[in-house]
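Going down the list, the sequences are from chains B and P. First residue of the first sequence: 132, per my numbering; consecutive thereafter. First residue of the second sequence: 3, per my numbering; consecutive thereafter. Just so you know, even glycine gets a beta-carbon here, dropped at the ideal spot from N, CA and C. Down below is the structure, laid out as structure tokens.
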Amino acid sequence: MPMKISDAPFFDRVEKGLNDQFMRNAVLSAQDRLRGRKLLAAEELGNWEDWRALGEEIRSHTLANLDYYLQQLSENVAKLGGHVFFAETAEEASGYVKRVVQEKNAKKIVKSKSMVTEEINLNAVLEEIGCDVVETDLGEYILQIDDHDPPSHIVAPALHKNKEQIRDTFREKKGYTKTEKPEELTMFARELLRKEFLSADLGITGCNFAVAESGSIALVTNEGNARLVTTIPKTQITVMGMERIVPTWEDLDIMVSLLCRSAVGQKLTSYITGLTGPRDEGAVDGPEEFHLVIVDNKRSEALGTAFQSALHCIRCAACINVCPVYSHVGGHSYGSIYPGPIGAVLSPILGGYEDYKELPYASSLCAACTEACPVKIPLHELLIEHRRQIVEEEGLAPKSEKLAMKTFKLGVSSPSLYKMGTKAAPLMLKPFTDNQIIEKGPGPLKDWTESRNFPAPKKERFRDWFDRRTKGEGDNAKRDNS
Amino acid sequence: MKVSLFVTCLSDIFYPEAGKHTVELLEKLGCEVDFPEQQTCCGQPAFNSGYHKEAKAAAKHLIEAFENADYVVTPSGSCAGMVHEYKKLLRDEPDWREKAERLIAKTYELTQFIVNVLKVEDVHAVLPAKATYHTSCHMTRLLKVGDAPFRLLNNVKGLELKPLPHNYDCCGFGGTFAVKMTPISEEMVDAKVKHIEETGAEVLIGADCGCLMNIGGRLTRKGSPIRVKHIAEVLNSGVKKHADENL
Numbered sequence: 132m133p134m135k136i137s138d139a140p141f142f143d144r145v146e147k148g149l150n151d152q153f154m155r156n157a158v159l160s161a162q163d164r165l166r167g168r169k170l171l172a173a174e175e176l177g178n179w180e181d182w183r184a185l186g187e188e189i190r191s192h193t194l195a196n197l198d199y200y201l202q203q204l205s206e207n208v209a210k211l212g213g214h215v216f217f218a219e220t221a222e223e224a225s226g227y228v229k230r231v232v233q234e235k236n237a238k239k240i241v242k243s244k245s246m247v248t249e250e251i252n253l254n255a256v257l258e259e260i261g262c263d264v265v266e267t268d269l270g271e272y273i274l275q276i277d278d279h280d281p282p283s284h285i286v287a288p289a290l291h292k293n294k295e296q297i298r299d300t301f302r303e304k305k306g307y308t309k310t311e312k313p314e315e316l317t318m319f320a321r322e323l324l325r326k327e328f329l330s331a332d333l334g335i336t337g338c339n340f341a342v343a344e345s346g347s348i349a350l351v352t353n354e355g356n357a358r359l360v361t362t363i364p365k366t367q368i369t370v371m372g373m374e375r376i377v378p379t380w381e382d383l384d385i386m387v388s389l390l391c392r393s394a395v396g397q398k399l400t401s402y403i404t405g406l407t408g409p410r411d412e413g414a415v416d417g418p419e420e421f422h423l424v425i426v427d428n429k430r431s432e433a434l435g436t437a438f439q440s441a442l443h444c445i446r447c448a449a450c451i452n453v454c455p456v457y458s459h460v461g462g463h464s465y466g467s468i469y470p471g472p473i474g475a476v477l478s479p480i481l482g483g484y485e486d487y488k489e490l491p492y493a494s495s496l497c498a499a500c501t502e503a504c505p506v507k508i509p510l511h512e513l514l515i516e517h518r519r520q521i522v523e524e525e526g527l528a529p530k531s532e533k534l535a536m537k538t539f540k541l542g543v544s545s546p547s548l549y550k551m552g553t554k555a556a557p558l559m560l561k562p563f564t565d566n567q568i569i570e571k572g573p574g575p576l577k578d579w580t581e582s583r584n585f586p587a588p589k590k591e592r593f594r595d596w597f598d599r600r601t602k603g604e605g606d607n608a609k610r611d612n613s
Numbered sequence: 003m004k005v006s007l008f009v010t011c012l013s014d015i016f017y018p019e020a021g022k023h024t025v026e027l028l029e030k031l032g033c034e035v036d037f038p039e040q041q042t043c044c045g046q047p048a049f050n051s052g053y054h055k056e057a058k059a060a061a062k063h064l065i066e067a068f069e070n071a072d073y074v075v076t077p078s079g080s081c082a083g084m085v086h087e088y089k090k091l092l093r094d095e096p097d098w099r100e101k102a103e104r105l106i107a108k109t110y111e112l113t114q115f116i117v118n119v120l121k122v123e124d125v126h127a128v129l130p131a132k133a134t135y136h137t138s139c140h141m142t143r144l145l146k147v148g149d150a151p152f153r154l155l156n157n158v159k160g161l162e163l164k165p166l167p168h169n170y171d172c173c174g175f176g177g178t179f180a181v182k183m184t185p186i187s188e189e190m191v192d193a194k195v196k197h198i199e200e201t202g203a204e205v206l207i208g209a210d211c212g213c214l215m216n217i218g219g220r221l222t223r224k225g226s227p228i229r230v231k232h233i234a235e236v237l238n239s240g241v242k243k244h245a246d247e248n249l
């Protein structure tokens, strides 16, 4: 699944999301649960704002010195006997993995959840050469067997489905015969996946963070599947976005604490694994061969721009879990494997405005995302910056909007024009006004009045009243109750 | 204390009552209120839509309109929040940036001004009603006005204030969002209305005309009996009537 998950136009996707009441209920209750747990976990820590500040500091320091840390990381991985490949594009990244897979003559591949492998379309590339690629994260597994349904959330990819739907998928695709009880469903998936782990030729993981000082990679899961993916197969390939790096283990400690608390409200997840190079001689498990693929795929274009801080993202989805837009339209509406506020910021950076020009507008700029981000990415400000680039640099704004803004500029810069315009407004809108209310507005008001009444402009503006009052003609008597 | 009122364009044109109540309330609290009539709009619609050249024009105009003010007070957390953005908006023009910083330092949202500057938490208002309060996103998250509105509302005699479920969720206004993304905005305002109805309130109080226009527009479209009031009106309630009777 490449980053772009749909060819349907934006508003068609939104309509589909809005009409899926089933999905919306599932998303809303998951958001409530995750948001609540996160708040408790942050409160428990006591000084959450200090932790956020520290998180931001580590991320911005790392990004500001990314070349240095990437070099340190790759040197350390090489010293340990691992192979490092820097991929500039998605194709280069998936091409490298394909070559390793072919060299090893690997047929069965187990994967642990990774957004960046979705981004580089890895599964499809490997399936094309006849590999059997199995996702081992339960959520990803459910989506994979459900005809490759795309993920709708970056931490909980199957958030949009409930247990009944999952039961039906298991029945239809895998001959499941039991109920929708989560325990029974999980047990069934575990039986299936256990066989896959034992027979896999090669394991592929993502990377929550790479630790530059030791050349290690750290994986955070609740199911332990990443540990199994990296234990039995003889070859391990880890794919990471170039920004997923921390300088030291001490920094990792802080970032993982922020990640787990922000994502699922846990102090730590069940499994946090640090892996350093291929297996030592005489060790009983671990891969004999280790490859680290470091993916740029347009990330470096954001470095040094207003968007650099978007690369601070640690993929915790805290922004998604508080976004009121996401809760109504769901993840698939964003048309990208990265949904929600961070998706609306990141997808146009990585995928361009042609495919994602609507996403920066799919936000009321309520800033709930900015407030939730554990590493202080000013998400709503970056959405405004996208809009600015779309308008002022790309020239992609609608003509009517440009005209309206020109008029706005004239009106706000000239008090006499402002006064003339606002004085004329009640008269111009009179034909549409009934009892101080506009139910069917003209022009730009049309969209507003589809679902809401619009107030009629008052005949006496505030400034007229103030003027009269100053002249001693004030009305302390009757008021209209608008 | 001399206070210059930044009434905001929405209030000037659509909700003059919010401005009138603000004036009366501030006067009651001992302020001398003036209205620099050169003022127009803070530029937020342009800024948020990405038209920063146009937003700069608005910003510069507002800065000039309030150059001589001691305090600038506005009955809108969102517009006060926009003024705080001027520093970034004008960062490449040092002279203007400096002027912007001077304006920012003296600009307050109404309840913030009453509680933090005037140090008043009881304005002796009286409003016997069951109400709930909508915390506008820009006012709480960007301007960081904390509990000032609640401190004031809790002292309004007769007012029974009900907590609003999901109070942290945006009402779906978002300026141009409401017209650019109408189907999503509609769902958001519907959810807000549903939560307001759940409280059993007769009155929805807010401190931002944008949110009130959105929520109020949906409430009246649905034929709901819930009335919408700007917080200035609530805080200016009762006492004025009492004063009139004593005339």
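Proximity of chain B to VAL9(P) at the Cβ level (cut-off 7 angstroms) is accounted for by PHE593, in chain order.
Of all residues in the segment 464–492 of chain B, those with a C-beta nearer than 7 angstroms to a C-beta of chain P are TYR492, reading in chain order. In this structure, the CA atom of ALA498(B) is about 18 angstroms from the CA atom of ASN216(P).
In terms of Cα proximity to ILE285(B), the closest of MET386(B), GLY471(B), PRO455(B) and GLU188(B) is GLY471(B).
Contact residues of the segment 231–251 of chain B toward chain P are absent (C-beta to C-beta distance below 9 angstroms). Distance between ILE116(P) and MET3(P), taken at the CA atoms: about 12 angstroms. Around the beta carbon of LYS101(P), a 10 Å sphere encloses 16 or more other beta carbons of the protein chains shown; the residue is thus reported as buried. Annotation: VAL370(B) to ILE198(P) spans about 47 angstroms, alpha carbon to alpha carbon.
Within the same chain, GLY334, THR361, PRO364, LYS365, THR366, GLN367, PRO409 and ARG410 come within 8 angstroms of PRO418(B) by CB-CB distance, once the 5 residues on both sides are set aside. In the three-state reduction of the DSSP assignment, GLU420(B) falls in the strand class, which pools E and B. Closer than 9 angstroms to the CB of CYS81(P) there is not a single CB belonging to chain B. Looking at the backbone, the Cα of GLN40(P) and that of CYS338(B) are separated by about 57 angstroms.
Considered as a whole, the segment 333–388 of chain B harbours 333–336, 340–342, 347–352 and 366–372 as its complete beta strand (DSSP E) runs of no fewer than 3 residues, in chain order.
Within the DSSP secondary-structure output, ALA150(P) pairs in no beta bridge.
Below the 7 angstroms Cβ cutoff, chain B contributes VAL522 and MET536 as neighbours of TYR53(P), in chain order. Residue contact check for PHE142(B) against chain P: a CB pair falls below 9 angstroms. Taking the C-beta atoms as reference points, PRO378(B) is found no nearer than 9 angstroms to ILE251(B).
Chain P has a Cβ within less than 9 angstroms of the Cβ of PHE585(B). In this structure, ARG223(P) keeps its C-beta atom at 9 angstroms or more from the C-beta atom of SER495(B). Where ARG600(B) is concerned, the enclosing alpha helix (DSSP H) starts and stops at 593–601. Around the beta carbon of ASP124(P), fewer than 16 other beta carbons lie within 10 angstroms, which makes this residue exposed. Partner residues in a beta bridge of PHE68(P), as assigned by DSSP, do not exist. The Cβ atoms of ASN452(B) and LEU165(B) lie closer than 9 angstroms to each other. When Cβ-Cβ separations below 9 angstroms define contact, ARG99(P) makes no contact with chain B. In chain order, PRO38, GLN40 and GLN41 place their CB closer than 6 angstroms to the CB of ALA67(P), counting only its own chain and leaving out the 5 sequence neighbours on each side.
Annotation: the continuous alpha helix (DSSP H) that includes GLU532(B) extends over 530–544. PHE217(B) carries a strand assignment under DSSP once its states are collapsed to helix, strand and coil. Runs of the beta strand (DSSP E) spanning 3 or more residues and lying entirely within the segment 254–300 of chain B occur at 263–266, in chain order. A buried status is given to GLN46(P), since no fewer than 16 other beta-carbon atoms sit within 10 Å of its beta-carbon.
Judged by DSSP secondary structure, LEU481(B) falls within the alpha helix (DSSP H) whose first and last residues are 471–482. With a minimum length of 3 residues, the unbroken runs of beta strand (DSSP E) contained wholly in the segment 225–257 of chain B fall at 239–242.
Of the candidates ALA180(P), ASP171(P), VAL122(P) and GLY160(P), the residue whose Cα lies closest to the Cα of CYS33(P) is VAL122(P). Per DSSP, the unbroken beta strand (DSSP E) holding VAL5(P) starts and ends at 4–7. Under the DSSP assignment, ASP192(P) falls outside any beta strand (DSSP E), being part of the alpha helix (DSSP H) whose first and last residues are 184–200. Counting only residues of its own chain and dropping the five nearest sequence neighbours on each side, ARG229(P) has a CB closer than 6 angstroms to the CB of VAL205. Judged by DSSP in its simplified three-state form, GLU34(P) adopts strand.
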